[in-house]
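Scroll down for the structure; my scribbles are underneath it.
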Amino acid sequence: MKRFRAAFTIIPAISLAASLIVAPLASAALPVNSSNYITAAAAPAAKKITLKINGNSHLTESAPFISQNSVYMPLREVGELLGAMVAWNAAAKTVTMSYPGHLVTLKIGSTEAINNGKKIKLNTPLQVIKGRVYVPLRFFSESIGASVTWKQADNTVGINQKIIYQTGGSMQTGAAWIDPATGSLYTALGKSDIPKLAGKLQIDPELTGYWGLSTKAIGTNGLMVSLLINYGEPGIQYRSHAAYIKDSKLVKQAAAQYYQRYEPNIVAMNNNPLLTDGKTLTLLDSSGATLEEYDLPKLGGKDESYAVLGMGQGYLIIRPNKTGLLTLVDLKTGTATLLYKQFLSAAEQEYAETNDIPYHGDELAFTGETSKGVLSFSYRSALDGKSYTYSYSLNKT
């Protein structure tokens with residue numbers, strides 16, 4: 161069974177965000193006297209309601225309840241447990257739920273939902289209680305096809321869904337859903353887009369551990385999707401996947417393997433997508449065509465898998481996974497510079513060369529290009545516990 165947790169380091173695979181608590185849902189936005197919806201607290205069930213999803217019990221922060229002979233569930237919590245994304249539009253007073261193949265909109269005060277442009281009749285209206293949106297249990301079956309049951313004898317709600325998608329990104333800037341069993345990848349570039357099948361990530365479904373999914377919008381209708389799988393005992397193996405999506409279609413992908421140490425690879429330079437398998441870095445144009453390929457072991461001088469941590473005009477910042485020493489590569493000359501030798505004291509250098517807990521190498525981190533040709537780095541010393549910043553000029557002789 162797969163487990164999920166927070167990520168990069170490590171993004172939640174299935175976020176357990178508390179509920180739909182948003183400032184616009186305060187009483188100022190939802191007048192208490194309106195008869196079109198209910199804001200008063202519902203009467204608690206005589207017995208606590210148990211929620212089971214695919215047979216597994218889940219405790220939600222916002223408790224389900226019974227009102228008007230209907231079982232009500234917290235929309236955001238249950239939706240996200242099922243692999244949906246939920247967002248609130250303050251101006252329109254609507255709630256939107258995105259799920260592969262479905263875009264569902266609910267308006268506060270209405271007994272209808274809109275699913276991919278088609279109306280769904282709700283027997284009872286939405287309820288908003290203390291800033292949280294609740295929907296009738298049947299909503300999940302009629303909107304995203306989940307099987308729902310209510311066992312009155314033991315006050316148990318059962319929701320079964322064939323696929324529980326891993327989600328990442330946001331509905332505002334680009335979202336992704338992946339089926340952990342098949343690698344099927346769905347994406348949406350905006351909150352008004354129906355999530356569409358982009359293609360399949362070449363994953364190993366047998367890897368069990370912690371999954372994290374993230375996205376980055378690139379240029380026009382471009383999206384980079386990154387998946388990290390942290391597996392093995394005691395969690396020291398990392399499989400890093402990246403895919404470039406253009407116009408809702410998966411164009412190219414790559415995967416890299418890391419041991420003990422993981423740092424997220426950069427995924428773009430100046431709106432050009434970047435992909436790496438740890439040995440080759442590929443720079444793409446907006447269509448996904450290859451512009452340039454870089455041999456990382458040749459540039460770094462070590463026959464290892466590399467993390468790509470920075471790239472700019474004429475330079476690369478990479479770290480070999482096994483030896484772990486941050487390296488600056490001048491792409492014009494092919495010269496590789498070990499940065500720890502540029503910045504650290506003799507004692508700190510010796511520590512970087514000999515320490516192996518929890519991994520080999522230094523703790524230098526690239527923080528960006530502060531001005532043209534000047535690179536910035538941070539460092540936290542294991543010897544004195546202090547933090548330091550350093551800069552390196554690419555123009556120095």
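Going by this note's numbering, the first residue of the sequence shown is number 161, and it counts up by one from there. Ideal Cβ placement from N, Cα and C applies to all residues, glycine included.
- Runs of the alpha helix (DSSP H) spanning 4 or more residues and lying entirely within the segment 283–354 occur at 299–304, in chain order.
- A Cβ-Cβ distance of about 5 Å is found for the pair Leu535 and Tyr552, placing them in contact under the 8 Å criterion.
- Residue burial annotation: Ile363 is buried, with at least 16 other C-beta atoms found within 10 angstroms of its C-beta.
- Annotation: the continuous alpha helix (DSSP H) that includes Tyr511 extends over 506–514.
- Per the coordinates, the alpha-carbon of Pro424 lies some 22 Å from the alpha-carbon of Gln332.
- Distance between Ala223 and Ile517, taken at the CA atoms: about 44 Å.
- Excluding residues up to 5 positions away in sequence, Ala358, Gly359 lie with their Cβ nearer than 8 Å to the Cβ of Lys409 in the same chain.
- In the structure shown, Gly521 adopts coil according to DSSP, grouped into three states.
- Rounded to whole angstroms, Asn275 and Ser230 show a C-alpha spacing of 21 Å.
- The segment 257–285 contains, as complete beta strand (DSSP E) runs of 3+ residues, the segments 262–267, 272–275, 278–281 (chain order).
- With a beta-carbon spacing of about 6 Å, Gly382 and Ser446 fall inside the 8 Å limit used to define contacts.
- Within the segment 411–477, the complete alpha helix (DSSP H) segments at least 4 residues long are 456–460, listed from N- to C-terminus.
- For Gly243, the secondary structure class from DSSP, reduced to helix, strand or coil, is coil.
- Within a 10 Å sphere around the beta-carbon of Pro355 sit 16 or more other beta-carbons, which makes this residue buried.
- In chain order, Gly243, Pro260, Trp337, Ile338, Asp339 place their CB closer than 7 Å to the CB of Tyr325, counting only its own chain and leaving out the 5 sequence neighbours on each side.
- Remark: C-beta atoms of Gln287 and Ala306 do not approach each other more closely than 8 Å.
- Going by DSSP, Gln502 is part of the alpha helix (DSSP H) stretching over 499–503.
- DSSP lists no beta-bridge partner residue for Gln228.
- Cβ contact annotation for Ile323 (same chain, cutoff 6 Å, sequence separation greater than five): Asp339, in chain order.
- In the DSSP assignment, Gly372 falls within the beta strand (DSSP E) that extends over 369–378.
- CA-CA distance, Gly369 to Thr493, rounds to 42 Å.
- In the three-state DSSP reduction, Leu388 falls in the strand class (E or B).
- The criterion of a C-beta distance shorter than 8 Å is not satisfied by Ala403 and Leu444.
- Rounded to the nearest angstrom, the gap between the Cα atoms of Gln417 and Val411 is 21 Å.
- Shown here, Glu237 sits in a helix according to DSSP, grouped into three states.
- In this structure Pro296 is buried. Its beta-carbon is surrounded by 16 or more other beta-carbon atoms within 10 angstroms.
- Taking each of Thr309, Tyr419, Gly372 in turn and checking the Cα distance to Gly392, the smallest one comes out for Tyr419.
- In the displayed model, Ala403 falls within a strand according to three-state DSSP.
- Excluding residues up to 5 positions away in sequence, Glu529 lie with their Cβ nearer than 6 Å to the Cβ of Gly472 in the same chain.
- When the Cα atoms are used, Leu211 and Pro365 turn out to be separated by approximately 27 Å.
- DSSP links Pro480 through a beta bridge to Tyr466.
- The C-alpha of Thr450 lies about 25 Å from the C-alpha of Asn481.
- A distance below 6 Å between beta-carbons, with the five flanking residues on each side excluded, links Asp463 to the following residues of its chain, in chain order: Pro457.
- Between the C-alpha atoms of Gln397 and Leu459 there is a straight-line separation of about 25 Å.
- Under the DSSP definition of a beta bridge, Asp490 partners with Tyr475.
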